[in-house]
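Quick note on full-length UniProt numbering: the sequence shown kicks off at 1 and runs consecutively. C-beta: ideal position from N, C-alpha, C; glycine also.
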Amino acid sequence: MWAIAPLKPRTENPGMMKMMVSDLKTEKRFIRHLVEKRTQIEEANAQDIADADVAVKAGKLSSSLFKRLDVSGAKFDTLLKGIDEILNLPDPIGQVTYANKVAEGLDLYRLTCPIGVLLIIFEARPDAAVQIASLAMKSGNALLLKGGKEAQRSNAALVTAMSAALRDVGLPADCIQGVDTRTEVAELLKQDKYIDLVIPRGSNELVRSIKDASRIPVLGHADGICAVYVDSKADLDKAAKIVVDSKTHYCAACNSMETLLVHQDVCANFLPKLAAALAGKEDVRYKADPVCRPHLPSGITEPAQEEDFDTEFLCHTMAVKAVASVQEAIDHINSHSSGHTESIVTEDPVAAEAFLSKVDSAGVYHNCSTRFADGFRYGFGAEVGISTNRIHARGPVGLEGLVIHKYRMYGSGHTAAGFSGASPEHTFLHAPVRGVDRVEDIPQAKKVRT
Numbered sequence: 001m002w003a004i005a006p007l008k009p010r011t012e013n014p015g016m017m018k019m020m021v022s023d024l025k026t027e028k029r030f031i032r033h034l035v036e037k038r039t040q041i042e043e044a045n046a047q048d049i050a051d052a053d054v055a056v057k058a059g060k061l062s063s064s065l066f067k068r069l070d071v072s073g074a075k076f077d078t079l080l081k082g083i084d085e086i087l088n089l090p091d092p093i094g095q096v097t098y099a100n101k102v103a104e105g106l107d108l109y110r111l112t113c114p115i116g117v118l119l120i121i122f123e124a125r126p127d128a129a130v131q132i133a134s135l136a137m138k139s140g141n142a143l144l145l146k147g148g149k150e151a152q153r154s155n156a157a158l159v160t161a162m163s164a165a166l167r168d169v170g171l172p173a174d175c176i177q178g179v180d181t182r183t184e185v186a187e188l189l190k191q192d193k194y195i196d197l198v199i200p201r202g203s204n205e206l207v208r209s210i211k212d213a214s215r216i217p218v219l220g221h222a223d224g225i226c227a228v229y230v231d232s233k234a235d236l237d238k239a240a241k242i243v244v245d246s247k248t249h250y251c252a253a254c255n256s257m258e259t260l261l262v263h264q265d266v267c268a269n270f271l272p273k274l275a276a277a278l279a280g281k282e283d284v285r286y287k288a289d290p291v292c293r294p295h296l297p298s299g300i301t302e303p304a305q306e307e308d309f310d311t312e313f314l315c316h317t318m319a320v321k322a323v324a325s326v327q328e329a330i331d332h333i334n335s336h337s338s339g340h341t342e343s344i345v346t347e348d349p350v351a352a353e354a355f356l357s358k359v360d361s362a363g364v365y366h367n368c369s370t371r372f373a374d375g376f377r378y379g380f381g382a383e384v385g386i387s388t389n390r391i392h393a394r395g396p397v398g399l400e401g402l403v404i405h406k407y408r409m410y411g412s413g414h415t416a417a418g419f420s421g422a423s424p425e426h427t428f429l430h431a432p433v434r435g436v437d438r439v440e441d442i443p444q445a446k447k448v449r450t
């Protein structure tokens, strides 16, 4: 059973959570415990995969979720490498992002600090538990993790190893906790006094249900309906390469392409080229409009329905549509996209700039695959999820999305009344203060530390 009350209070500090980060970094306790428990973790994962395979064959689990379960072998090695990269990122806590001399003797500083306690709810992908925990610890946040029942053994083994790492350096193991049941989740979503942010990662159904039930702010995205637009001035070989990667590199991911838009002038040349490039891939299916359909293999192509352009297939099926202009592509995307990631393939910089400026998604790309929408590929180390919310944290949410701000003001008896009246005691200066990048650089804080 979880115990969240002891995880308070929050702090921007150095203090306990920062100590946790530095200890884990220098002694590699996080990694060491995972390596020591690798056999148990992989055995637990093998049991989950075996049960999931039965569930897939019985039609009780989707193949896309099944593909995300494995955390053994090379995936485990990649997981360890990812932790090391996160721990070596710059410290996100205690950064001074604004320093202002409000008046003589009155200074204001804006500092980054942890959000507090995070509840992360995710489906499959047990490796996500480790990525999320690494980011949470690095950013000074405590963490409650609820994985899908299909990965219950894997998640439990991983959480046990990570909690042991905290205990090993003399810190509360409860700063990382697993949540087992949906009943517990329902109760946790009411705990706005103790939990500060909920981040759901999974299906549209999961995210909607969390948003509807939560008293706590929710950060996340529901669907990943990503589009690639092949312009009339595209390099068609380049376009085929980008579309193939966007669709098939990992089709179960939220950043894989679901909709292909093609300028009507290049349909006849591009679509056969694309079909040839995809010929060796398993289970490729096209749902195409009347303009595109004649240029695609008849045996695996069917008429597109309107709802196909609002569907996250998570397999090698794609919806294909011809458009008459870049503006029509933009309008289609803004009407049907989930606001995740879109890409234009073109050699025309004017068309590219119009697309990048007018498409209203978290990620807009020119001449590259939608699969780059990822915290690791962005250089964030990893991500807790991808946000399509219209708030400060949008797109892949890494360390910067897991901190908030605290304002420190240092005065010497200043009052608001002292700045008003016919003869004010003080005058506002609002002059920038240079050379203050971290909490340790604040002159008033230095006096305490020296």
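Neighbourhood of residue i by C-beta, 6 Å cutoff - its chain only, sequence neighbours within 5 removed
i                 : result
cysteine 254      : Gly224
tyrosine 365      : Ser343
valine 397        : Glu383, Val384, Gly385, Ser387
serine 134        : Ile83, Ile86
phenylalanine 376 : Ala382
asparagine 45     : Val71, Ser72, Ser154
Residue i to residue j span [Cα, whole Å]
i                 : j                 : result
threonine 273     : threonine 370     : First, the residue type needs correcting, since residue 273 is lysine and not threonine in the sequence shown. Each residue's alpha carbon lies about 20 Å from the other.
cysteine 315      : isoleucine 49     : 19 Å
valine 179        : alanine 151       : 12 Å
serine 139        : glycine 116       : 10 Å
glycine 288       : valine 436        : Looking at the sequence shown, residue 288 is not glycine but alanine. Looking at the two C-alpha atoms, the distance is approximately 57 Å.
isoleucine 210    : phenylalanine 122 : 11 Å
alanine 103       : glutamate 400     : 30 Å
glycine 220       : lysine 75         : 25 Å
histidine 249     : histidine 392     : 29 Å
valine 218        : tyrosine 98       : 27 Å
asparagine 100    : alanine 277       : 57 Å
arginine 208      : glutamate 282     : 32 Å
leucine 206       : valine 71         : 23 Å
lysine 8          : leucine 171       : Its pLDDT being 49, under 50, lysine 8 is placed unreliably by the model, and the measurement read from it follows with that caveat. In a straight line, the C-alpha of lysine 8 is about 14 Å away from that of leucine 171.
serine 338        : glycine 381       : 25 Å
phenylalanine 428 : methionine 409    : 14 Å
alanine 156       : tyrosine 109      : 41 Å
alanine 186       : glutamine 47      : 27 Å
aspartate 374     : valine 448        : 41 Å
proline 92        : methionine 137    : 11 Å
glutamate 36      : glutamate 42      : 11 Å
Alpha helix (DSSP H) segment containing residue i, residue limits
i              : result
lysine 67      : 63-67
leucine 80     : 74-87
glutamate 42   : 38-57
valine 326     : 326-336
glycine 212    : Here residue 212 turns out to be aspartate, not glycine, going by the sequence shown. Where aspartate 212 is concerned, the enclosing alpha helix (DSSP H) stretches over 204-213.
asparagine 269 : 267-277
arginine 153   : 152-168
Where the beta strand (DSSP E) through residue i begins and ends
i             : result
lysine 406    : 403-410
aspartate 237 : Where aspartate 237 is concerned, there is no enclosing beta strand (DSSP E), although the alpha helix (DSSP H) it sits in stretches over 236-248.
cysteine 251  : Cysteine 251 -> no beta strand (DSSP E), and no H or E assigned at all.
proline 200   : 197-201
proline 114   : 106-114
Contact set for residue i: own chain, Cβ-Cβ below 8 Å, skip 5 residues either direction
i             : result
valine 130    : Leu34, Leu79, Gly82, Ile83, Leu158, Met162
aspartate 308 : Lys287, Ala319
glutamine 444 : Asp107, Tyr410
Other residues of its chain near residue i: CB distance less than 7 Å, five sequence neighbours each side excluded
i             : result
serine 232    : His263, Asp265, Val266
threonine 26  : Its pLDDT being 40, under 50, threonine 26 is placed unreliably by the model, and the measurement read from it follows with that caveat. No residues qualify anywhere along the chain.
alanine 322   : Val262, Gln264, Cys267, Asp289, Val291, Cys292
serine 214    : Leu189, Val198
aspartate 127 : Val71, Lys75, Leu79
Beta-carbon separation (whole angstroms), residue i vs residue j, contact threshold 8 Å
i                 : j                 : result
leucine 261       : alanine 239       : Wrong, their Cβ atoms sit about 11 Å apart, outside the cutoff.
threonine 311     : glutamate 258     : 7 Å
leucine 106       : histidine 414     : 5 Å
histidine 426     : phenylalanine 419 : 5 Å
isoleucine 195    : leucine 119       : 5 Å
phenylalanine 270 : leucine 236       : 5 Å
isoleucine 242    : valine 345        : 6 Å
glycine 148       : alanine 124       : 5 Å
alanine 252       : lysine 67         : 5 Å
alanine 234       : glutamate 306     : Wrong, their Cβ atoms sit about 26 Å apart, outside the cutoff.
Cutoff 8 Å: residue i Cβ touching any chain B Cβ
i          : result
proline 90 : Protein chains in the displayed structure number just one, and chain B is not present.
Check: residue i C-beta below 7 Å from any heavy atom of the ligand FAD
i          : result
valine 384 : This structure simply doesn't include the ligand FAD, nor any ligand for that matter.
| message | I want to know whether the segment 395-408 touches the segment 55-62 - three or more CB-CB distances under 8 Å. | response | no
| Cβ contact check for the segment 357-376 and the segment 317-334: 3 or more pairs under 8 Å | yes
| field | Three or more C-beta pairs below 8 Å linking the segment 297-306 and the segment 191-206 | value | no
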